[in-house]
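See below for the structure under consideration.
Residue numbers (my numbering): 150 to 275.
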C-alpha cells in the first residue's frame, strides 16, 4: 500500500508491570507486552503479544496509569496504542488510521489527529 508511511523507530524503556484483576485473579502484565488497549462499555481489553485480557476498569483509568510510559498514546475514545508496535500510518484526507505489528488497523479521531501527528513528527526527529 503506497499511501503508508514508515513507522517510528522502536524505543527502549524499562517499565514496571501493571497488575490487573481478571476473574478474581491478579495478573501481571509488562507494558512492553501490550500492543493496544480497547474500551468496551465498562471494560478495557488488553491486547498483548500472546493473549487478550479484559479488566473491569475504564480505559480512562489506564490512560492515567500509562501516562508515565511515553510510548503509549490515546488515539481516540476507544483505543490507547503502544507506539513500539506501530507499523504504518494511513494519513489520507478523510481517513487517519494506524497499522500495528499484528496487522490491526485502528482509527485516529479527527480531534486527536493533529496532536498525534505533531507528537509522532517530534519523536521521528529526535
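Every residue gets a Cβ at the ideal spot worked out from N, C-alpha and C, and that includes glycine.
Nearest-angstrom beta carbon gap, residue j and residue i [assumed within contact, 8 Å]
| i | j | result |
| --- | --- | --- |
| residue 187 | residue 228 | 6 Å |
| residue 178 | residue 166 | 6 Å |
| residue 226 | residue 258 | 7 Å |
Those residues which DSSP pairs with residue i across a bridge
| i | result |
| --- | --- |
| residue 177 | 168 |
| residue 196 | 185 and 201 |
| residue 221 | 231 |
DSSP three-state assignment for residue i, whether helix, strand or coil
| i | result |
| --- | --- |
| residue 265 | helix |
| residue 206 | coil |
| residue 226 | coil |
| residue 159 | With a pLDDT of only 43 at residue 159, under 50, the local geometry of the prediction cannot be trusted, and the value read off the model is given with reservation. Three-state result, residue 159: coil. |
| residue 270 | helix |
C-alpha gap between residue i and residue j, whole angstroms
| i | j | result |
| --- | --- | --- |
| residue 230 | residue 198 | 13 Å |
| residue 248 | residue 214 | 24 Å |
| residue 218 | residue 242 | 30 Å |
| residue 207 | residue 233 | 23 Å |
| residue 212 | residue 204 | 13 Å |
| residue 200 | residue 184 | 10 Å |
is_contact[residue i, chain D] using C-beta, thresh 8 Å
| i | result |
| --- | --- |
| residue 177 | Absence of chain D from the displayed structure is noted, only one protein chain being present. |
Legend entry - Continuous beta strand (DSSP E) assignments of at least 3 residues falling wholly in the stretch 234-263: Those beta strand (DSSP E) runs which fall completely within the stretch 234-263 and span 3+ residues are 235-240, 245-249 and 254-256.
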